[in-house]
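Everything on this sheet refers to the single structure shown next.
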Amino acid sequence: MLLIYGNEEAFTSIGAEALAELIRETDALNQELFESGELVGAYGMADQMNSKMVRVSGGTPVVTDGPFAEAKEYLGSFTILDCDSLDRALEIAARNPSARHWGVEVRPLMHEADVEP
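Quick note on numbering: the working numbering labels position 2 of the sequence shown as -13, and the sequence is numbered without any gaps.
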């Protein structure tokens, strides 16, 4: 899994034109990974102002804004890959345009949920 963190300041600091180009480059890479069978999914996240945290206290769900409104960075997007090795995932992360600006975290997934389709 590739994780890209940032904040509004980071995302806007490169300028609208550069951000649009970054999105085009990311779309092209995602298309290539889709065609190779390595892309499971790629998703952009809504701004953290739209997120909610649900905790159960005394059996009652409590919904708050969050999870971490004071965080300097938040998850901006993630990509799930199905590739042969960690080295291949690192190679793909290095090709992701966000690596030139904010960095790309590579985190292996442990397993899928054990459910029947």
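Just so you know, even glycine gets a beta-carbon here, dropped at the ideal spot from N, CA and C. Small disclaimer: the values here were computed from a predicted structure and weren't measured.
Any 3 or more C-beta pairs closer than 8 Å across the segment 34 to 42 and the segment 73 to 89: no
Buried or exposed for residue 29, going by 16 or more other Cβ atoms inside 10 Å? On the sequence shown, residue 29 is found 44 positions in, with the first residue counted as 1. Label assigned to residue 29: exposed.
Span of the beta strand (DSSP E), counted from its first residue to its last, around residue 60: In the sequence shown, counting from the first residue as 1, residue 60 sits at position 75. Segment 59 to 66, the beta strand (DSSP E) holding residue 60.
Please name the residue in 6, 65, 31 whose C-alpha comes closest to that of residue 96. What you label residue 96 is simply residue 111 of the sequence shown in a count that begins at 1. Comparing Cα positions, the closest option is 65.
So, does the segment 77 to 90 touch the segment -7 to 11, judging by three or more C-beta pairs under 8 Å? yes
My output table needs one value for residue 82: the three-state DSSP class, helix, strand or coil. The count along the sequence shown starts at 1 and reaches residue 82 at position 97. Of the three classes helix, strand and coil, the one that applies to residue 82 here is helix, per DSSP.
In the DSSP assignment, find the beta strand (DSSP E) that holds residue 70 and state where it starts and stops. Here residue 70 corresponds to residue number 85 of the sequence shown, with the count starting at 1. Per DSSP, residue 70 belongs to no beta strand (DSSP E) and is neither H nor E.
Taking residue 27 as part of the beta strand (DSSP E), name the residues at either end of that continuous run. Indexing the sequence shown from 1 puts residue 27 at position 42. Segment 24 to 29, the beta strand (DSSP E) holding residue 27.
Host beta strand (DSSP E) of residue 9 (start-end): One-based indexing of the sequence shown puts residue 9 at position 24. Where residue 9 is concerned, there is no enclosing beta strand (DSSP E), although the alpha helix (DSSP H) it sits in stretches over 1 to 21.
So for residue -2, helix, strand or coil by DSSP? For the purposes of this step, residue -2 is identified with residue 13 of the sequence shown, where counting begins at 1. Three-state DSSP puts residue -2 in a helix.
Leaving out the 5 sequence neighbours to the left and right, which residues in its chain are closer than 6 Å to residue 26 when beta-carbon positions are compared? For the purposes of this step, residue 26 is taken as the residue at position 41 of the sequence shown. Hits under 6 Å: 65.
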